[in-house]
Each structure stands twice: as C-alpha cells, then as structure tokens.
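Worksheet: one structure, shown below.
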Amino acid sequence: MPRRISNSQKTMTTVAAWTIGVLIFFPILWIFILSFKAEGDAIGTPLHVISSAWTFDAYGEVQGRSDYFKHFWNSVVLSLGSTLIGLAIAIPAAWSMAFVPGKRTKDLLMWMLSTKMMPAAGVLVPIYLIFRDLGLLDTRIGLVAILTLVNLPIIVWMLYTYFKEIPGEILEAARMDGASLRSEILYVLTPMAIPGIASTMLLNIILAWNEAFWTLRLTAASAAPLTAFIASYSSPEGLFYAKLSAASVMAIAPILIMGWFSQKQLVRGLTFGAVK
Amino acid sequence: MTISVRALMGACALSALASVAAAETTITVATVNNGDMIRMQTLMDDFYAKNPDIKVEWVTLEENELRQRVTTDIATKGGQFDVLTIGTYEVPIWGKQGWLVGLNDLPAEYDVDDLLPAIRGGLTVDGTLYASPFYGESSMVMYRKDLMEAAGLTMPDAPTWADIKAAAAAMTNKDAEIYGICLRGKAGWGENMAFLTAMSNSFGAKWFDENWQPQFDQQPWKDTVSFYLDLMNNYGPPGAANNGFNENLSLFQQGKCGMWIDATVAASFVTGADSTVADKVGFALAPDNGLGKRGNWLWAWSLGIPAGSQKVDAAKAFVNWATNKEYLALVASKEGWANVPPGTRTSLYSNEEYAKVPFAKMTIDSINAADPNAPTVDKVPYVGVQFVAIPEFQGIGTAVGQQLSAVLAGQTSLEEGLAAAQQLTVREMTRAGYIK
Amino acid sequence: MVSPAVAVLLIWMIVPLAMTIWFSFQQYNLLYPDRTGFAGIENYYYFITDFRFQPAIWNTLRLVLGVLAITTIGGILLALLLDQPFWGQGIVRLLVLAPFFVMPTVSALVWQNMFMDPVNGLFAHIAKAFGGDGYDFLGQSPLMSIIIMVAWQWLPFATLILLTALQSLDREQIEAAEMDGASVWSRFIYIILPHMTRAITVVILIQTIFILSVYAEILVTTNGGPGTASLNLPFLVYLASIVDNDVGMGAAGGVIAIILANIVAFFLMRAIGKNLEH
Chain Z
0 MPRRISNSQK TMTTVAAWTI GVLIFFPILW IFILSFKAEG DAIGTPLHVI
50 SSAWTFDAYG EVQGRSDYFK HFWNSVVLSL GSTLIGLAIA IPAAWSMAFV
100 PGKRTKDLLM WMLSTKMMPA AGVLVPIYLI FRDLGLLDTR IGLVAILTLV
150 NLPIIVWMLY TYFKEIPGEI LEAARMDGAS LRSEILYVLT PMAIPGIAST
200 MLLNIILAWN EAFWTLRLTA ASAAPLTAFI ASYSSPEGLF YAKLSAASVM
250 AIAPILIMGW FSQKQLVRGL TFGAVK
Chain G
0 MTISVRALMG ACALSALASV AAAETTITVA TVNNGDMIRM QTLMDDFYAK
50 NPDIKVEWVT LEENELRQRV TTDIATKGGQ FDVLTIGTYE VPIWGKQGWL
100 VGLNDLPAEY DVDDLLPAIR GGLTVDGTLY ASPFYGESSM VMYRKDLMEA
150 AGLTMPDAPT WADIKAAAAA MTNKDAEIYG ICLRGKAGWG ENMAFLTAMS
200 NSFGAKWFDE NWQPQFDQQP WKDTVSFYLD LMNNYGPPGA ANNGFNENLS
250 LFQQGKCGMW IDATVAASFV TGADSTVADK VGFALAPDNG LGKRGNWLWA
300 WSLGIPAGSQ KVDAAKAFVN WATNKEYLAL VASKEGWANV PPGTRTSLYS
350 NEEYAKVPFA KMTIDSINAA DPNAPTVDKV PYVGVQFVAI PEFQGIGTAV
400 GQQLSAVLAG QTSLEEGLAA AQQLTVREMT RAGYIK
Chain U
0 MVSPAVAVLL IWMIVPLAMT IWFSFQQYNL LYPDRTGFAG IENYYYFITD
50 FRFQPAIWNT LRLVLGVLAI TTIGGILLAL LLDQPFWGQG IVRLLVLAPF
100 FVMPTVSALV WQNMFMDPVN GLFAHIAKAF GGDGYDFLGQ SPLMSIIIMV
150 AWQWLPFATL ILLTALQSLD REQIEAAEMD GASVWSRFIY IILPHMTRAI
200 TVVILIQTIF ILSVYAEILV TTNGGPGTAS LNLPFLVYLA SIVDNDVGMG
250 AAGGVIAIIL ANIVAFFLMR AIGKNLEH
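Protein chains in written order, with numbering that gives the first Met the number 0: chain Z, 0 to 275; chain G, 0 to 435; chain U, 0 to 277.
Written as structure tokens, this is what we have:
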C-alpha cells in the first residue's frame with residue numbers, strides 16, 4: 000500500500016537526494032571535465048576550468064604514449080578469468096560448508112577471511128620466486144591464479160551466506176526422489192543460487208579489476224592491466240592534471256559502466272544474506 | 000563456464016603465437032615516466048630504422064614504483080627486463096654484486112671517453128662501466144629575474160645561503176600567491192633527503208663519521224635543518240611537506256615560486272612551453288656557506304643491462320642508440336637543443352649551438368662542482384653526494400625523511416625529529432653490522 | 000571431517016601462509032644474497048621494537064574505526080533519505096554507487112591532486128574565493144585525509160546494503176506505529192534500526208576486512224607521513240619488505256598482521272557475530 004506523500008515533501012526529498020548524489024559523484028564528474036581540458040587550463044580556478052576551451056588533446060596524448068587496448072584487454076582477461084576459476088573452486092566448497100557444516104565451519108570461514116587481511120607486501124618475494132621458477136612472471140595465467148587466491152575468501156563467504164538461505168528441505172525432497180548429488184546441484188541448487196552466484200561474480204570482477212599490488216609487481220610488458228597503465232601517469236614531470244584525468248577516465252570507465260548496468264544484480268548479492 | 004575458460008585459454012595461446020611471429024628479438028625496457036624518457040619513446044622510428052630486427056616493449060612507471068619493481072626482479076634474477084633505467088645510487092651497489100652486464104665493449108661510435116668524468120666515475124666499479132648515462136643532473140638555483148629586479152636585488156652566480164634568504168624574503172608576497180622559495184619537503188630518500196643531504200654538505204654536516212656513527216646529533220645537522228625550516232616556514236608555499244620535485248615544478252611553472260633549488264634538468268621545463276614564466280628565469284649555482292662545499296648533488300639516470308638477460312646484444316644495441324652522440328643530435332633536430340638530454344657528454348657542452356641554451360653553462364658548472372667521492376667538508380667513509388651508496392640507505396633515508404617532513408609540517412619539533420633520526424639510524428646501522 | 004572441496008580450498012590458502020611463516024624465521028635481504036640462514040625471532044624482534052610499530056597499530060585501528068563511523072552513520076542517513084519517494088531515484092542510485100568502482104590508486108591520486116592540494120586543489124580554490132587560505136590536508140590532517148578518501152569509496156557499499164535492508168521492511172508496521180502516534184525518532188529506534196541490525200553487521204564485517212589492509216591510498220599520498228602520522232600496519236610491512244628489501248622482516252610483519260587480524264576478528268565475532276545468526 001503506497002504511502003500518500005505531499006508533493007512539497009517529495010520535492011524537498013528530491014532536492015536533498017540529488018544534492019547528495021551529485022556531491023558523492025562529483026570527484027568522478029570533475030576528472031571527466033578536466034580530461035577534456037588543456038593542461039594549463041586544468042590547473043586553474045574552477046570557474047576558469049569550466050569556461051575554458053574543450054579539447055581531446057589529453058586523450059590523444061595518453062593514447063599516443065600507452066597502448067590502452069592492450070592494458071584494457073589484460074584487465075578483462077584477468078578479472079573474468081580469476082572470477083570464473085574462483086567460482087569453480089568456491090562453489091563446491093561453499094556448498095559443502097552450507098549443507099554439510101562441520102563443528103568448525105564457522106571458525107574456518109572466519110580464519111579464511113582473516114587471511115585476506117595479510118599485507119600482500121609480506122609475501123611478494125616468496126611468490127615472485129615461485130613465479131620465476133614456474134615461468135609465470137608477466138603471464139596472464141600467473142596473475143589469474145594470484146587474483147583468484149586473493150579474492151577466494153570473499154567469494155566463498157558470499158556464496159556460503161547465499162547457499163545457507165536455500166531451505167534444506169528442498170534438497171531432502173530431491174534426494175528422496177532419487178536425485179544424485181550431481182543432479183541435485185545441477186537441477187535443484189543451481190537455479191536457486193544463480194542470483195547469488197551472479198552478484199558474487201560481479202563483485203569479484205570489480206575487486207580484480209581494481210587490484211593494484213600484484214598486478215603491478217608481477218607484470219612487465221605483456222600481462223600488465225590498467226592499474227599499470229595508471230602507474231605511468233601518477234607523478235610525471237610538469238603539469239599533468241588533464242593527462243592524469245584522461246587516463247583515470249579510461250581506466251575506470253569500463254568497470255563503471257559494467258557496474259551501472261548490472262547494479263541490480265550486484266546489490267542483491269552484496270547484502271551477504273543480511274536481508275531476508 | 001568450460002566454454003569461457005577454453006575461450007580464455009585460446010585467447011592466451013593466440014596472443015602467444017602473435018608475439019612470436021612479430022619480431023626476431025623483443026627486448027623489454029623499464030623506464031621512469033620523466034619527460035626525457037617519454038620523448039625517447041616517441042623517437043623510436045629512428046631506432047627501428049637502424050635495427051629492423053629488434054622490437055622494444057616499454058614498461059613506464061613512476062620513479063619509486065619502477066625502482067622497487069626492478070630491484071625485486073634483479074635481486075631474484077626474475078629476468079623480466081632487458082634494459083633497466085637506474086640511477087647513480089643503484090649502479091655501484093648492483094655492479095659490485097655482479098648483477099649488471101659490463102658495458103666496456105660498446106662500439107667505438109659510443110665514444111666512452113666523451114662522457115663527463117664525474118658522471119662516468121659514478122657509474123664505474125673497478126674500472127668497468129656498468130650503466131650508460133641517459134641524462135645527468137646536478138642541482139642549482141632557479142630564480143625569477145623579474146621578481147628579483149622588482150625587489151631591487153641581483154642574484155650572484157655563486158650565491159651564499161644568506162643571499163638566498165635575503166632574496167626569498169624580498170620576493171615573498173603571499174597575498175599574490177608568490178612564495179619566495181620552493182624546496183622539497185615530501186618524505187623520501189630521493190625527495191626531501193636528496194635536497195637536505197646536499198644542503199647539509201654545505202653546512203659541513205655528514206651522515207656518518209669514519210666509524211659509521213650517525214651524526215644527526217651534531218650541530219651541523221641542527222644548523223642545516225633549522226635554516227631550512229626558517230626558509231620554508233617564512234617564505235615557502237603551504238603544504239610544503241608534501242611537495243616533491245613535481246609539485247614544486249608545477250608551482251614554479253605557474254609563477255608561484257620566486258626561487259627553486261632543484262635538479263638542473265628542471266631548467267628545460269621551467270623555460271619550456273608549459274611554463275608561464277619561461278622567459279623570466281635565471282640560474283645560479285647552488286648556495287654555499289663559505290666552507291668549501293656547495294649544496295648541489297649529482298645524479299644520472301642511466302641504462303643498465305641485468306646480468307640474467309638472454310638478449311644482451313640487442314639490449315646493448317639499444318643502450319648504445321639511446322645514449323650516444325647521435326641520439327643527442329636526433330633530439331636536437333626534432334625538438335630543439337633545449338630538449339636534448341643534458342649532463343652526460345663533454346662534446347655537448349663544447350657545441351656552439353648548445354651553448355646558446357640559457358641553462359647550459361650553469362648545468363655543467365654545477366655538475367663539475369659535485370664530487371661523490373668527497374661529498375662534504377670532512378672525510379667520510381661513504382660515496383655519494385645526496386645519498387650514501389649502501390643498500391640500507393633507501394630504508395634509512397626514507398625513515399629519516401619522514402621525521403624531517405614531520406618537523407616541516409610542524410608535527411614534531413626540530414630537536415625531537417633529529418633525535419628520532421639519530422636513534423633509528425643507529426639502530427638500523429647496528430642491525431646491518433656497520434656499528435660493532 | 001572436511002569435504003574434498005574444502006580441502007582444496009584450504010591447501011590453496013595455506014601454502015602462501017606457510018611460506019610467509021617460513022620466511023619470517025629466515026635471514027633474507029634481497030640486497031645481501033650471501034647473508035642467509037635461520038634468524039630465530041630476530042625479524043619479529045626488530046619489527047616489534049621499531050619505533051614505528053606502535054603508531055602503526057593505533058593508526059590501523061583509527062583508520063578502520065574512522066571509516067566505519069563515517070560509512071555506517073552516513074550510510075544509514077543516506078539510506079533513510081533514498082528510501083523516501085522522489086523523482087529520479089534510479090539516477091541518484093547510480094550516482095551514489097559510482098565511487099565503489101573506482102580504483103583505489105585513481106581515487107587517491109584524484110583526491111590528493113585535484114581536491115586536497117593546498118594551492119591548486121578545488122578545496123583551496125573554494126577557500127580562496129571566500130577569502131581564506133588553502134588548507135594543507137595531507138600535511139596537517141594526514142590520517143583524516145586518508146579516512147576521507149577511503150570512506151568515499153566505501154560509503155556507496157554501506158548505503159546500498161542498508162538501503163536494500165530498509166526496503167525489505169514491512170511498510171504496514173511503520174504505518175501502524177505512525178497511527179499509534181509514535182514519533183519519527185521512536186519509529187527509527189524501535190522498528191527501523193532493529194530491522195537493519197544484520198545489514199549493519201555485514202557492513203562492519205566486510206569493511207573491516209578491507210580497511211585493515213588499506214595500503215594503496217597511503218602509498219600514493221603520504222607514504223605514511225609526515226613522520227608516522229598516517230602509517231598503518233600494512234604500510235609498515237611494505238616499508239620493511241619492499242623499501243628495505245628485507246624479506247624476512249616483511250614476512251614477520253605479515254604474520255603479525257594476520258595475528259592481529261584474527262584478534263580483531265575474534266572480538267568482532269564476539270561483539271556482533273550473534274546478529275548473523277538467524
């Protein structure tokens with residue numbers, strides 16, 4: 000039953016919500032504006048920035064200097080690859096934790112999450128040595144493996160909270176009908192779990208896309224994604240606001256657009272079972 | 000999902016094939032995102048014309064990121080890079096470890112004897128040249144001639160610190176956002192500590208005495224830092240504790256600094272197209288205090304080849320191309336003499352065209368005024384003007400830099416900052432085994 | 000008994016941990032390849048007695064609590080606002096969600112240069128327009144500046160979870176309370192807040208995990224300074240293992256960070272874990 004709301008109240012809410020929304024979004028909007036300015040203008044006062052001429056120069060210069068599409072493609076492969084492999088490992092594990100929980104399942108989950116808090120810098124050299132010996136340095140396969148590892152705890156936990164919401168009676172009914180474990184997963188569980196899996200997938204694509212430690216330190220020329228692309232604009236000599244803005248827009252636009260289009264699915268899973 | 004994984008692996012395989020077919024030898028060059036290196040990347044057609052069978056892949060990163068990335072790789076023999084951009088700090092240490100390929104056998108056209116002796120000396124270990132200088136720099140005073148004139152002052156070619164202070168006081172006009180002096184304050188061994196260490200030399204300070212005892216508890220360091228604080232607090236820009244080379248460069252280019260004491264390579268930027276004060280900049284030697292040493296440093300970004308590289312010949316061809324006399328002529332023909340990578344070759348400074356560049360003479364005089372083997376007034380056990388060429392220095396220099404940056408930001412007092420610097424340096428040097 | 004799937008998962012995760020523990024007892028500095036061997040607890044000793052260790056621990060906690068405070072309280076207020084009917088709900092949702100997708104490095108670079116710079120930043124320009132002076136955010140309030148950057152990225156996350164929770168609330172319950180004459184405040188305290196408890200718990204838990212290991216924002220902006228003012232534990236580990244090239248000490252720092260994370264996790268679960276049960 001919809002509440003009756005006066006128009007004036009609705010107008011006030013609209014003004015308030017839009018103001019806050021625009022404020023939160025403003026930093027992104029601002030770099031978008033700066034990216035279409037000349038370097039000399041980009042550093043001026045806000046009024047000057049707005050009123051000065053618009054130009055594509057910064058984008059031209061960035062594209063001339065770095066191979067954007069190579070980095071972009073690497074980002075796509077790494078975030079998709081690590082998410083898919085992560086799901087492949089995590090779905091069976093989360094499934095068994097949710098439906099056949101042991102005494103220590105909760106502790107195990109908590110411990111796994113806590114390993115996520117280990118500073119990556121502490122293991123860089125050991126991992127680097129292993130990668131060197133296996134020939135995985137600067138390869139996408141190696142990075143996919145490491146990004147999978149980094150995000151696995153979150154994947155498992157998210158799936159676990161999701162699977163736990165699925166009523167066990169349905170499985171028992173299926174089992175009594177003589178369904179095998181495999182068909183149980185395939186025909187009963189999966190359809191119910193798809194929304195959860197979808198949002199887990201989206202969240203992990205975002206996390207992998209934005210991962211900036213391993214993707215910088217285990218790559219050189221061939222497997223470096225967009226995080227490395229940004230690192231070459233981070234503190235150059237001379238004026239750089241416009242070029243940095245252009246590079247930033249290029250690095251975040253793909254994931255931002257993907258996120259916007261899939262935000263309904265994403266948000267549903269982000270609740271980690273907090274909403275019934 | 001299987002399909003996607005297969006598609007993924009297919010994509011990997013395809014790209015692997017493509018890179019095999021593309022060229023005979025592909026070398027990976029790691030470099031910093033400084034202007035001269037970016038310019039080099041736009042001139043690669045010339046290299047490919049001369050070396051059609053070599054392809055170059057670039058890894059361009061911010062300076063600190065690059066240094067760490069390259070150090071991890073070379074120390075673990077990861078073999079990711081064939082040419083590295085490294086500085087005069089790394090070369091002596093890595094050369095001694097046997098991590099770099101000797102460059103004594105570069106072709107005759109490279110003309111090794113043409114390299115500036117001070118720069119060459121810093122890149123040579125036991126008679127072997129381990130890296131080829133791409134550009135060299137010292138530091139000097141860059142100042143606004145128009146502001147000096149308005150203040151009724153003239154800048155001597157070889158000023159003292161007292162001259163600098165007087166000039167800073169006269170030029171400062173905070174209402175017009177003009178700050179008399181801009182200096183580095185951002186913490187880091189290559190940021191504020193490069194400046195402060197070089198400055199301290201002219202005050203007779205030193206990092207270590209001959210028994211490797213840290214000297215931050217001595218008067219000369221106190222004098223150095225209090226003079227620096229006096230300058231920055233009274234005449235410096237706001238937020239100086241976060242200003243490094245780049246931040247100061249943009250301030251100067253926007254006309255907000257009266258003086259800036261920093262790398263000589265900055266001269267081509269402050270007189271270049273991005274600068275609003277390009278025609279008003281004068282140059283002077285770094286200041287002194289009459290103790291016989293000036294507060295200027297010596298540094299060369301250089302190209303080295305890691306010992307593990309499988310493509311040493313191609314890498315040497317590249318190093319030769321990027322650092323020989325022809326490259327300087329190439330840049331001059333495309334971008335003008337002012338944009339030639341400075342500070343590496345004697346012949347450049349005897350070139351009449353180059354002599355017309357306003358900062359040419361002051362650059363070479365500054366470079367010649369620095370001596371890495373006798374950096375300060377007293378005798379010291381280390382090499383390096385604005386650094387100490389030992390492996391521990393990166394960590395110690397960064398930690399000390401943080402302390403002094405906190406002093407500049409007003410978060411700790413001068414005495415506390417120096418005491419903390421002394422304490423942490425003693426601790427690290429003891430752990431590393433220098434102090435018995 | 001754990002299932003094979005869980006076993007695979009465990010192995011996958013234990014290997015790096017085991018390596019870290021192994022290296023934490025080794026003497027291994029990248030720049031001294033010939034000085035190796037068993038180091039005993041020396042690495043731990045030097046890591047813990049470093050004068051930066053204590054400030055790092057406190058800053059880590061301050062960072063987490065600061066960001067949690069801003070994002071949870073801000074998130075609740077924002078969720079309450081966005082739950083009201085207004086024109087353009089869909090678009091405002093997108094605007095609010097956007098910062099969550101931005102790379103931490105990009106976010107830090109943009110905040111540092113385009114906004115917080117005391118001379119050329121937007122805040123400084125605004126201050127000057129009103130006759131003030133640019134405030135030196137990163138020099139004078141370094142930790143607060145980093146808290147702002149991180150909170151900006153996590154506010155969307157908190158808001159959306161809380162908003163989803165709010166939307167699942169039974170409207171009739173609210174209306175009934177309204178008719179009984181319950182004030183806005185008591186409706187919030189007795190109906191809305193209890194309904195959101197689980198969502199708040201999830202927000203706190205997930206954010207704690209990510210914010211305990213924040214490092215990119217610090218690396219890009221303050222490098223932990225001035226002094227130790229914005230140094231946290233992950234960044235101290237970074238300094239040890241990457242700036243000092245001391246692999247052994249870096250590993251020891253990593254182990255200490257995990258132990259502390261487990262302590263935090265333990266207390267967190269004690270304090271709010273019950274909310275996660277059904």
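No residue lacks a Cβ here, since even glycine has one placed at the ideal position from N, Cα and C.
In this text, all values refer to a predicted model and were calculated from it rather than measured experimentally.
- prompt: Can residue 82 of chain Z and residue 200 of chain Z be called in contact, C-beta distance under 7 Å?
  reply: Yes; because the gap between Cβ atoms is below 7 Å, this pair is in contact.
task: Report all residues from its chain with a CB closer than 6 Å to the CB of residue 175 of chain U; omit the five preceding and five following residues, and keep chain order.
output: Closer than 6 Å at Cβ, skipping near neighbours: no residue.
- request: Taking residue 448 of chain G as the reference, give the member of G/162, G/64, G/143, G/326 with the closest Cα.
  value: The displayed coordinates of chain G run from 0 to 435. Any statement about residue 448 of chain G would go beyond what the structure contains.
message: Taking only three categories from DSSP, how would you classify residue 136 of chain G?
response: Residue state, collapsed to three classes: strand.
message: For a contact defined as C-beta to C-beta under 7 Å, what are the partners of residue 155 of chain Z on chain U?
response: Neighbours of residue 155 of chain Z in chain U, taken as residues whose beta carbon is under 7 Å from its own, are 8 in chain order.
message: Just to make sure I have the definition right: I need the residues of chain U whose C-beta is within less than 9 Å of the C-beta of residue 126 of chain Z. Which are they?
response: Contacts between residue 126 of chain Z and chain U, judged by CB atoms closer than 9 Å, involve 15, 18 in chain order.
Whole-angstrom distance between residue 50 of chain Z and residue 85 of chain G, CA atom to CA atom: Cα to Cα, the separation comes out at about 43 Å.
message: For residue 264 of chain G, which residues in the same chain have their Cβ closer than 7 Å to its Cβ, ignoring the five residues on either side in sequence?
response: Once the five neighbours on either side are set aside, the close Cβ partners of residue 264 of chain G are 134, 136, 341.
query: Ends of the alpha helix (DSSP H) at residue 271 of chain U?
result: Its alpha helix (DSSP H) spans residues 246–271.
message: Within 7 Å of any Cβ in chain G, is that where the Cβ of residue 224 of chain U sits?
response: In terms of beta-carbon proximity, residue 224 of chain U lines the interface with chain G, with at least one pair separated by less than 7 Å.
message: Under 8 Å: do the stretch 229–240 of chain U and the stretch 46–60 of chain U share three or more Cβ pairs, one atom per stretch?
response: For the pair of segments examined, the stretch 229–240 of chain U was found to touch the stretch 46–60 of chain U: the number of CB pairs separated by less than 8 Å reaches three.
task: Mind checking the stretch 236–249 of chain G against chain Z and listing, in chain order, the residues whose C-beta falls within less than 8 Å of any C-beta there?
output: Taking 8 Å as the Cβ-Cβ cut-off against chain Z, the residues of the stretch 236–249 of chain G that qualify are 243, 244, 245, 248, 249.
task: Pull up the CB-CB distance for residue 215 of chain G and residue 424 of chain G, whole angstroms please, since I reckon it's below 8 Å.
output: 7 Å between Cβ atoms; contact.
task: Go to residue 260 of chain G, then tell me how far its beta strand (DSSP E) extends in each direction, as first and last residue.
output: Bounds of the beta strand (DSSP E) holding residue 260 of chain G are 256–262.
For residue 13 of chain G, the three-state DSSP class (helix, strand or coil): At residue 13 of chain G the pLDDT is 47, less than 50, meaning the model places this residue with poor confidence; the figure from the coordinates comes in the next sentence. Residue state for residue 13 of chain G is assigned as helix, using DSSP reduced to three classes.
field: Under 7 Å by beta carbon: chain U residues contacting residue 209 of chain Z
entry: Correct list: 102, 103.
- request: Show which residues of chain G have a CB atom less than 8 Å away from the CB atom of residue 50 of chain U.
  value: What residue 50 of chain U touches in chain G, judged by beta-carbon distance under 8 Å, is 419, 422, 423, going in chain order.
- prompt: CA-CA distance, residue 22 of chain G and residue 307 of chain G?
  reply: Low confidence applies to residue 22 of chain G: its pLDDT is 48, below 50, so where it sits in the model is not reliable enough to give any reading.
message: What are the residues in the stretch 228–262 of chain U lying within 9 Å of chain G by C-beta distance?
response: Under the 9 Å Cβ criterion, the stretch 228–262 of chain U contributes 228, 230, 238, 239, 241, 242, 243, 244, 245.
Beta carbon proximity, residue 20 of chain G to chain U, threshold 7 Å: The predicted position of residue 20 of chain G is uncertain, since its pLDDT is 45 and thus under 50; no value can be drawn from it.
Beta-carbon proximity of residue 222 of chain Z to residue 159 of chain Z, cut-off 7 Å: No, these two residues do not count as a Cβ contact at 7 Å.
task: Apply the 10 Å Cβ neighbour rule to residue 286 of chain G and answer buried if 16 or more other Cβ atoms are within range, or exposed otherwise.
output: Buried, since its Cβ has 16 or more Cβ neighbours within 10 Å.
- prompt: Can a CB atom of chain G be found closer than 7 Å to the CB of residue 137 of chain U?
  reply: With 7 Å as the cut-off, residue 137 of chain U counts as an interface residue toward chain G.
Enclosing alpha helix (DSSP H) for residue 330 of chain G [first to last residue]: Unbroken alpha helix (DSSP H) run through residue 330 of chain G: 324–334.
query: When you check each C-beta in the stretch 225–247 of chain Z against every C-beta of chain G, which residues fall closer than 8 Å?
result: Within the stretch 225–247 of chain Z, 227, 230, 231, 232, 233, 234, 235, 236, 237, 238, 239 place their CB atoms closer than 8 Å to a CB of chain G, listed in sequence order.
query: So, is residue 202 of chain G buried or exposed, given that buried needs 16 or more other C-beta atoms within 10 angstroms?
result: Burial is judged here by how many other beta carbons sit within 10 angstroms of a residue's own beta carbon; residue 202 of chain G has at least 16 and is buried.
- request: Output the boundary residues of the beta strand (DSSP E) element that contains residue 176 of chain G.
  value: No residue range can be given for residue 176 of chain G, since it is assigned to no beta strand (DSSP E) and is classified by DSSP as neither H nor E.
- prompt: Can you name the start and end residues of the alpha helix (DSSP H) that residue 177 of chain U belongs to?
  reply: First-last of the alpha helix (DSSP H) with residue 177 of chain U: 170–178.
query: Which partner residues does residue 56 of chain G have in the DSSP bridge list?
result: Answer is G/27.
- prompt: How big is the Cα-Cα spacing for residue 11 of chain U and residue 181 of chain G?
  reply: If you take the alpha carbons of residue 11 of chain U and residue 181 of chain G, they lie about 52 Å apart.
query: Any chance the stretch 104–118 of chain G sits against the stretch 343–357 of chain G, with 3 or more Cβ pairs inside 8 Å?
result: In short, these stretches touch, since the Cβ pair count reaches three.
Amino acids of chain G, ordered along the chain, whose beta-carbon sits closer than 8 Å to that of residue 39 of chain Z: In chain order: 273, 275.
message: When you compare the CB of residue 61 of chain G with every CB in chain C, is at least one pair closer than 7 Å?
response: Annotation note: the requested chain C is absent from the structure, which comprises protein chains Z, G and U.
field: Nonlocal neighbours in the same chain, by C-beta distance under 6 Å from residue 150 of chain G, ignoring five residues either side
entry: Excluding residues within five positions, the ones whose Cβ falls inside 6 Å are 169, 170.
- request: Return helix, strand or coil for residue 287 of chain G, following the three-state DSSP convention.
  value: The answer is strand: DSSP assigns residue 287 of chain G an E or B state.
task: Have a look at the DSSP bridge pairing and note the partners of residue 201 of chain U.
output: In the DSSP output, where bridge partners are listed per residue, residue 201 of chain U has none listed.
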